[in-house]
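If you count the sequence shown from 1, position 36 lands on 148 in the numbering used here, and the numbers rise without skipping.
For every residue, glycine included, the Cβ atom is placed at its ideal position computed from N, Cα and C.
Please read these numbers as outputs of a predicted model, since none were measured by experiment.
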Amino acid sequence: MQSLTDLENKLLEVRNLQSQVDKKKAELDKQIRQLLQNKSELDKLMEQARQKESLVQCQIVELKSLEVRTHPPEVEYFGTGASKSLQNDLLSLLSGNGSVAIRLLKHQQQINPGKPANWYLEKVIYDLKRDRHC
């Protein structure tokens, strides 16, 4: 049979081990609380990010709709779709200055979107002739 001191020593060892287990458990509990707090903060940040993303998506849709209204599709004024005689008439009225012709045509396109190329050419020619006769 073991002596009383051997048993006491074993009991002391068990108590030391129990104490170490309790300390580890307390550390783990603290880490779990910290992780839960971090998770809560991350959840809040994720919700804020979702809200901001939604707001940005709405702004993008808004800007795209504005872009469609402010920047109508390019019309090829001096391409295959437009009348060569109208192109020549316009350039003749402007002494061959193509950049001024393009600027005038683009201006008409901004204020009258959706018309065919010949319409813009006719309108600019009409306005130039009208203004020269005033």
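Spatial distance of GLU165 from LYS196 (CA atoms): 50 Å
Environment of TYR238 [buried if 16+ CB atoms lie within 10 Å]: exposed
For HIS245, three-class secondary structure by DSSP: coil
Under the three-state DSSP convention, the category ALA194 falls into: In this structure, ALA194 counts as coil in the three-state DSSP scheme.
Cβ neighbour criterion (16 or more within 10 Å) applied to ALA213: buried
Segment limits, alpha helix (DSSP H) that includes SER207: Careful: SER207 lies outside any alpha helix (DSSP H) and carries neither H nor E.
Nearest-angstrom Cα separation, counted from LEU116 out to LYS122: 10 Å
Pair within 8 Å by beta-carbon distance, LEU72 and GLN199: Here the chain comprises residues numbered 113 to 246, so residue 72 is not present and cannot be evaluated.
Sequence-distant residues of its chain with Cβ nearer than 7 Å to ARG244 (five each side left out): Only residues of its own chain outside the window of five on either side were considered, and among them none has a CB closer than 7 Å to the CB of ARG244.
Residues of its chain near LEU203, where Cβ-Cβ distance is below 8 Å and the 5 sequence neighbours each way are ignored: ASN209, GLY210 and ALA213
Alpha-carbon spacing of ALA194 relative to LEU154, whole angstroms: 60 Å
Anticipated Cβ contact below 8 Å, LYS241 with GLN220, distance rounded: Going by Cβ atoms, the distance from LYS241 to GLN220 rounds to 14 Å, so no, they are not a contact pair.
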